[in-house]
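Sequential numbering of the sequence shown, starting at 504, is according to this note's numbering.
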Amino acid sequence: MLIIKELPTSESLKKFSLRYPDADIKAIWEFVNILRAASDISDALDKMLAQHGLLQGRWWVLVLLLREDNLTSSPSELAEKAGVTKATMTGFIDGLENEGLVSRLTDRKDRRKLKIKLTAAGLQKLDQVMPDYYTKVAALLSILSQEQRTALVDNMQSLGANIHTMK
Numbered sequence: 504m505l506i507i508k509e510l511p512t513s514e515s516l517k518k519f520s521l522r523y524p525d526a527d528i529k530a531i532w533e534f535v536n537i538l539r540a541a542s543d544i545s546d547a548l549d550k551m552l553a554q555h556g557l558l559q560g561r562w563w564v565l566v567l568l569l570r571e572d573n574l575t576s577s578p579s580e581l582a583e584k585a586g587v588t589k590a591t592m593t594g595f596i597d598g599l600e601n602e603g604l605v606s607r608l609t610d611r612k613d614r615r616k617l618k619i620k621l622t623a624a625g626l627q628k629l630d631q632v633m634p635d636y637y638t639k640v641a642a643l644l645s646i647l648s649q650e651q652r653t654a655l656v657d658n659m660q661s662l663g664a665n666i667h668t669m670k
């Protein structure tokens, strides 16, 4: 994903508004600030996970499996929950299986059915990563009061519910 590292200046926004007079420049400035923060947060998560030998996509697969009572799910269910294609999920699963963090299980009655199971090594990996993750998330959010955090989440959920306007 490409994201602008440098936010627009008031001068560049003024030029933009002259060229596109119908544009809501304040809304655009607010939007690029939201994108910038989201990109920075995602990048920081990537760097933290890399210290544990994980990529964000693979880590989310492990977390999704941990959420399941039997630590098992189908590749298509995982893809849907992660918001990726089945092909992308297959790549994540292949990498995790090569590292011994998940295993593929075939249904005895219908060999076409496949399930992905979190292994003991996968659980151990999560047990190593999660304390660092929880500590760093708490540190990141500590700058905000509980009221600000609640408002932020509420506002982001409102934006998410209105995302259809961007399509």
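Glycine included, every Cβ here is placed at the ideal spot set by N, Cα and C.
Fair warning: this is a prediction, and the values are worked out from it, not measured in the lab.
- In the three-state reduction of the DSSP assignment, L569 falls in the helix class.
- In this structure, V564 lies away from L538, with their beta-carbon atoms at least 8 Å apart.
- Listed in chain order, the beta strand (DSSP E) runs fully inside the region 530–618 are 605–609, counting runs of at least 3 residues.
- The Cβ atoms of V605 and L626 do not sit closer than 8 Å to each other.
- With distances taken between CA atoms, T512 lies nearest to V535 out of Y523, V535, T668.
- Residue nearest to K517 within the set W532, I507, K508, N658 is W532 (criterion: CA-CA distance).
- Scanning its chain for C-beta atoms nearer than 8 Å, with the 5 sequence neighbours on each side dropped, one finds around K589 the residues P578, S579, A582, in chain order.
- Shown here, K620 sits in a strand according to DSSP, grouped into three states.
- For N658, the uninterrupted alpha helix (DSSP H) segment begins and ends at 649–664.
- Distance between L569 and K529, taken at the CA atoms: about 42 Å.
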